[in-house]
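Residue numbers (the working numbering), protein chains in the order written: chain A, 1 to 499; chain B, 1001 to 1499.
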């Protein structure tokens, strides 16, 4: 599923190396991850990407606490990309020369289907019990639907149990709560890179939990069969490395399907990684938010909840959300599934701060139980649209001679633009990113995913054809070194307008 | 507005004294605050009610971090009251001998009005922008409505600004976020007692922020004109006391209208308290969630946002929510208003974990802008129902010879049952509370509000007549020492069934 990578000039890999403040994330919106920190000169002491960020704000005169200043910094540092995009959003009619957003990982292909479903009369129920304080784990009727839904779509060997489900307002909250109840402040989770960078904030802002990176290479060496391949050996090495630097590792985070690589772990790999964690008594948080966005069936995706036997079920915690699979990141609905009752209860205790409206809980139960609509309308159409959009963007990139990775899952291609950097540095990566932005196309740069090699970019393809066309046109102009002009030149290939 | 208090036997007041684990709160649901910790034998080191709760869980073998264990403890400790009530809820038809809940502070009088309004067709709008990632501060259209709404109902001297508004999923989240961005871990807020006890968790669970109590007396002494009166002198004393014990105080929390006292601070008092805070460079969090639940107009309630001049606007942060004033605690909608842009931005940065559905944001904007419905339908009817219910419960208590406080705001009476304790101890307070629960009426005991005198209870009156009647009947039986029987005996007074 991936275009073989060309060897290009690249920066020296800084495994476990020093890190800028960017490393602790600076994303304002998902997918706009840390486009451009305002203060790139601020350096944090290197410690698996996260040092003591409070140290650099001590002289500030604001009314905030030192951690408050760090928390605010995460917002401010996303400003350039965020503000620029939001002040100048592309709109076909009102602002045709506005910015095309191929940076935020959202599925914009199915609003028609979703609007139609969510507007049906069965969605608006207002009952006293929905307006009163809920069970903070989520209304029982909803947890029951979630358990049934996950049993079905994760193909669990036995029915999953509603009492193992906790409902929260999105996946970000699941990370925040789990980090806090599983780790002491300053402890860490292992995470393979490149990874969805916002997780850095999710575990750090409230929980003060760090990430210890398992840096993966694009180059296929040793026994590897694909670029950026995770193996137990690499996990072992990273764990020992962290220990030797005095970092206490409490768990491992796996994203499956993977963001930004767009591929999946095989059941065998999953078992190996879970086995590694079990041997070291590590918790595993498995982020499966793209579980239903596998548009290439041949991938053989398998949820952890569908495995026959988990090596350490008490330390295996699975999250899912509607943000990606139902293209509703603004709906704020996420779930945790764990057999560990202590963990479920502790997370529930934090749910006062992660609660969602009773009216929404009712709507989500209605949606999740509507298997006919999901199976016969939504999923087939969604997958076919994802596939068409993927085909189009892949084709454009191939025509440009740009290598990329894509596994048939998710909304993104992981694109190798190293040959377009004058030098293999992070500064050059930023220069290229800013050239894209100046040319009115927003991408996510590799540093935001803690990629160890400068020059990789994530390109979102889950968007309407006319925006993709324009976005790819602008991207091509930048890569071909042309200024933004003559946007009426027809693109290489046209997927046709999607409905 | 209050029945003069009789002097009764009382426990020695433990100003800044030692505290049990209960002091750190154990509420599962609002108003079911800390009904009955399972492990009342666990003691925490005394430090303004909060010691180092992590110390007591170190030997536990669970998979949780030490803070995770504390967080879980807060859930477990609410179990007796919560589980008992939820397993045996009163239902007129299905479970007439079930528990009547006069413990949770919810307004159950207006579900008919709310259901009708929220079910109107203008409430169900599904647009792509509502399904996509929002501005985490809240959608601009909603922040604009909130600013207008607060300007109008708080009678602000100048229009309030949308950019000073942050929208979160409920008041609990406002406390959690503010505590984290204003204080370092271990620092404290001053708070007069008795107070809405769940705040203890809200500032502690994520933020690790403590409360330093300003203990108030029921006895009217010195220059005081009413029981539990807060004065600047008492604030000064408590602040000095905290300092002398090495506690760093960063701010003051004021609840206005007050919960559980049901009264309000006069504009002059407010100015004095704000002046005190300004002199000491303390932040002030003003919790105004009962702002529109003042059913005695003669009280002359004034929001802080309605004051002509704030002594320190950069350190004054006001929260409001729909939970109480619109009887929708299950809707999870709260707001922060602050002129301090750094604080607003830092809180916004945490809003990924406190976000609410775009669909709900649309609904709330529709509701808040419907001034006709609010002013001509909802508020008059709500206030008249609150008044009738208040009159009924007050009458019942007077007939029983039970003293109580009630200021004409909120949903509760603060009831003095000290004469019913065999000894003035917390154990005896629990015994009486459990006798109520055994007789199928759930109340909140004074310890949950950090009242310094055992024997006070909060009784909710914002409920339908038939439930109030039965609840008061059961309460009377307990106080008269009778077992639960002959529930058909007519009560002292009947408010008539409300619509």
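For glycine and all other residues, C-beta sits at the position ideal for the given N, C-alpha and C.
| Query | Result |
| --- | --- |
| Quick test of your reading: residue 1468 of chain B and residue 1457 of chain B, contact by CB under 8 Å. State the CB separation rounded to the nearest angstrom. | With a Cβ gap of about 15 Å, residue 1468 of chain B and residue 1457 of chain B do not count as contacting. |
| Please state if the CB of residue 1242 of chain B and the CB of residue 1212 of chain B are separated by a distance shorter than 8 Å. | yes |
| Identify the contact partners of residue 173 of chain A in chain B, using a Cβ-Cβ distance below 7 Å as the criterion. | 1353 |
| Starting from residue 1267 of chain B, trace the alpha helix (DSSP H) both ways and give me its first and last residue. | 1267-1279 |
| Return no unless some Cβ of chain B is closer than 8 Å to the Cβ of residue 376 of chain A. | no |
| Under 8 Å between the Cβ atoms of residue 1229 of chain B and residue 1216 of chain B? | yes |
| For residue 1450 of chain B and residue 1418 of chain B, which I take to be in contact (beta-carbon distance under 8 Å), what is that distance rounded to the nearest angstrom? | The Cβ separation is near 16 Å, so there is no contact. |
| Provide the residue(s) that pair with residue 1458 of chain B in DSSP beta bridges, ordered along the chain. | B/1414, B/1444 |
| For residue 1341 of chain B, is the beta carbon positioned less than 7 Å from some heavy atom of the ligand HEM? | For the structure depicted, the ligand HEM is absent and the ligand set is empty, with no information on it obtainable. |
| What residue does the alpha helix (DSSP H) around residue 251 of chain A start on, and which one ends it? | Taken as a continuous stretch (DSSP letters only), residue 251 of chain A belongs to no alpha helix (DSSP H), being part of the beta strand (DSSP E) at 249-255. |
| Of all the residues that make up the segment 1063-1074 of chain B, which are near chain A by a beta-carbon distance shorter than 7 Å? | 1063, 1064, 1065, 1066, 1067, 1068, 1071, 1072, 1074 |
| With a threshold of 8 Å between beta-carbons, can residue 1391 of chain B be considered close to chain A, or not? | no |
| Within the chosen definition, does the segment 160-171 of chain A reach the segment 1148-1159 of chain B through at least 3 CB pairs nearer than 8 Å? | no |
| Residues of chain B with CB under 9 Å from residue 183 of chain A, in chain order? | 1065, 1067, 1068 |
| Would you mind telling me which residues of chain B sit closer than 7 Å to residue 348 of chain A, beta carbon to beta carbon, in chain order? | 1075 |
| Taking the straight line between their C-alpha atoms, what separation do you get for residue 1425 of chain B and residue 1455 of chain B? | 8 Å |
| Strictly under 8 Å for the Cβ-Cβ distance: is residue 961 of chain B near chain A by that measure? | Because chain B is modelled from 1001 through 1499, residue 961 of chain B falls outside the range shown and cannot be assessed. |
| Report the three-state DSSP secondary structure of residue 1074 of chain B (helix, strand or coil). | helix |
| Does the Cβ of residue 1505 of chain B have 16 or more other Cβ atoms within 10 Å, making it buried, or fewer, making it exposed? | Chain B is shown from 1001 up to 1499; residue 1505 of chain B falls before or after that span and cannot be answered. |
| Grab the span of the beta strand (DSSP E) containing residue 1212 of chain B for me, first residue to last. | 1210-1215 |
| Assign residue 1436 of chain B to one of three DSSP states: helix, strand, or coil. | helix |
| Name the one or two DSSP bridge partners that residue 376 of chain A has. | In DSSP, residue 376 of chain A forms no bridge with anything. |
| Check the C-beta distance from residue 1100 of chain B over to residue 1477 of chain B and give it rounded, since I have them as a contact under 8 Å. | That belief does not hold up - the Cβ atoms of residue 1100 of chain B and residue 1477 of chain B are roughly 12 Å apart, past 8 Å. |
| Name the chain A residues whose beta carbon is nearer than 7 Å to that of residue 1132 of chain B? | 106, 329, 330 |
| Give the residues of chain B in contact with residue 283 of chain A, contact being defined as C-beta atoms less than 8 Å apart. | 1063 |
| Can you give me the C-alpha to C-alpha distance between residue 114 of chain A and residue 1326 of chain B, rounded to a whole angstrom? | 30 Å |
| Assuming contact is defined by CB atoms lying nearer than 8 Å, are residue 1259 of chain B and residue 1290 of chain B in contact in what I supplied? | yes |
| Output, in chain order, the set of chain A residues within a Cβ distance shorter than 9 Å of residue 1169 of chain B. | 169, 332, 353, 354, 355, 356, 357 |
| Does the beta carbon of residue 335 of chain A sit closer than 8 Å to a beta carbon anywhere in chain B? | no |
| CB-CB under 8 Å to residue 1407 of chain B, same chain, minus the five flanking residues each way: which ones, in chain order? | 1001, 1002, 1257, 1258, 1261, 1262, 1263, 1264, 1296, 1299 |
| Which residues in chain A have a C-beta closer than 8 Å to the C-beta of residue 1164 of chain B? List them in chain order. | Result: empty, since nearest Cβ-Cβ is about 14 Å, beyond 8 Å. |
| Helix, strand or coil, according to DSSP, for residue 1282 of chain B in the structure here? | coil |
| Assuming contact is defined by CB atoms lying nearer than 8 Å, are residue 1350 of chain B and residue 1179 of chain B in contact in what I supplied? | no |
| Is there a C-beta anywhere in chain B that falls below 8 Å from the one on residue 180 of chain A? | yes |
| Quick one: which residues of the segment 1293-1315 of chain B get their C-beta closer than 9 Å to a C-beta of chain A? List them in chain order. | 1314, 1315 |
| Since residue 1402 of chain B and residue 1415 of chain B are thought to touch, with beta carbons under 8 Å apart, how far apart are those beta carbons, to the nearest angstrom? | 6 Å |
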